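J.: Position in the sequence shown (first residue = 1) + 41 = the working numbering.
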Amino acid sequence: MNLEILTFDAFTANGKGGNRAAVVFGLNLESEQKMLELASSLGTPATAFVGISETLFEDESPLPLRLRFFTPHIEEHICGHGTIAALLAVSARGGFNGWSVPNGVFQIETNLGLQNALLENNTAWLEYPDPKAWEVDLEPETVAVALGLEVDDLHEDLPILAAGVGRSKLICAVPSTVMLDAIEPNAADILELCSQTNTTGIVAFTFPGRGGCFTDMRHFSKQGNAILEDAATGNAHVALAAYLAANQFFDNGKRSFSGAQGYAMSQPSRLEVRCEVQHGVVLSVWVGGKAKEVQE
Numbered sequence: 042m043n044l045e046i047l048t049f050d051a052f053t054a055n056g057k058g059g060n061r062a063a064v065v066f067g068l069n070l071e072s073e074q075k076m077l078e079l080a081s082s083l084g085t086p087a088t089a090f091v092g093i094s095e096t097l098f099e100d101e102s103p104l105p106l107r108l109r110f111f112t113p114h115i116e117e118h119i120c121g122h123g124t125i126a127a128l129l130a131v132s133a134r135g136g137f138n139g140w141s142v143p144n145g146v147f148q149i150e151t152n153l154g155l156q157n158a159l160l161e162n163n164t165a166w167l168e169y170p171d172p173k174a175w176e177v178d179l180e181p182e183t184v185a186v187a188l189g190l191e192v193d194d195l196h197e198d199l200p201i202l203a204a205g206v207g208r209s210k211l212i213c214a215v216p217s218t219v220m221l222d223a224i225e226p227n228a229a230d231i232l233e234l235c236s237q238t239n240t241t242g243i244v245a246f247t248f249p250g251r252g253g254c255f256t257d258m259r260h261f262s263k264q265g266n267a268i269l270e271d272a273a274t275g276n277a278h279v280a281l282a283a284y285l286a287a288n289q290f291f292d293n294g295k296r297s298f299s300g301a302q303g304y305a306m307s308q309p310s311r312l313e314v315r316c317e318v319q320h321g322v323v324l325s326v327w328v329g330g331k332a333k334e335v336q337e
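#1: Contact check, G294 vs L312 under 8 Å by CB: the rounded distance?
#2: With DSSP as the reference, identify every bridge partner of H320, one or two as the case may be.
#3: Determine the DSSP secondary structure at S209, reduced to helix, strand or coil.
#4: Does W175 pass the burial test, meaning 16 or more other C-beta atoms within 10 Å, or should it be called exposed?
#5: Less than 8 Å between the C-beta atoms of V65 and T48, yes or no?
#6: Can you list the alpha helix (DSSP H) stretches of 4 or more residues lying completely in the stretch 175 to 241, in chain order?
#7: When you compare only the Cα positions, how much space is there between I212 and E270?
#8: Roughly how many angstroms lie between the CA atoms of A272 and I119, to the nearest whole one?
#9: Taking the alpha-carbon positions, what's the F290 to E71 distance?
#10: Taking the alpha helix (DSSP H) that K75 belongs to, which residues open and close that run?
#11: For N157, which of helix, strand or coil comes out of DSSP?
#12: Is it right to say K75 is buried, meaning 16 or more other beta carbons lie within 10 angstroms of its own, or is it exposed?
#13: Taking its Cβ as the centre, do 16 or more other Cβ atoms sit within 10 Å of E117, making it buried, or is it exposed?
#14: Less than 8 Å between the C-beta atoms of K263 and L221, yes or no?
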């Protein structure tokens, strides 16, 4: 197969915003150095490389995809917006490597393991396994300083927790979108906090969110020795779902919410979250969104 590259903005809101990802077909997924070099040259926040999973092929999966994800600097075990882009790219091509997309159902293999995915009414959905939220031994002042805030700028009634699956996040709340937009992150401090807590970024959120969403967030992601802000982050919304459940935002049962992100970057984005909650714990969570192909 010749190399084929498609580019999508994933988690768009009304066709705008989103987080950009390149999707590459035709490269051997064992060629780590080539994937990193190509991701670096493409320069998108994430590049998803698509192949066929030998593990899932043996189980006769409807479409046994294997995905690997690279930023311009590192490989990531899982990437929400890269997966959304990859699913929609496969669908736009009518399948991959002789495989079709029956009923919009996928099973994919990533470095995180096996995950279910589907396409539903032009929205791609990805299931994340068993997200958790847990306490961390941090003073609120240290988190506030890392975000360029005063400790009184943090939400007084909500704790700072770590949460997520695969790429866990530190999560804190602020009282308004005005305060959310006022954040001026200190990269060195955020890197130190991530190192102390074994997390990969900091999420600051508020509620209600813009664009008719339940929440609004900013996410500062650890990328090697740098911190980058993302316009739309599936993993961060998985972590947020676990955080909200742990803080009794949801009754037991199947719950859903919409999350805004990217407004401070002039890239307003929208993510959809479906989760099943039992006594403050998320049993399962799906993150979904729309994407727009970028013609370059």
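Ideal Cβ placement from N, Cα and C applies to all residues, glycine included.
Since the model is a prediction, treat every value here as computed from it, not as a measurement.
T.: Once the coordinates are examined:
#1: Rounded, the Cβ-Cβ distance is 21 Å, inconsistent with contact.
#2: BP columns for H320 are empty, so no partner.
#3: coil
#4: Under this definition W175 is an exposed residue.
#5: no
#6: 181 to 187, 218 to 222, 228 to 238
#7: Rounded to whole angstroms, I212 and E270 show a C-alpha spacing of 15 Å.
#8: 17 Å
#9: 43 Å
#10: First-last of the alpha helix (DSSP H) with K75: 73 to 83.
#11: strand
#12: exposed
#13: By the Cβ-count criterion, E117 is buried, with 16 or more other Cβ atoms from all chains shown falling within 10 Å of its own Cβ.
#14: no
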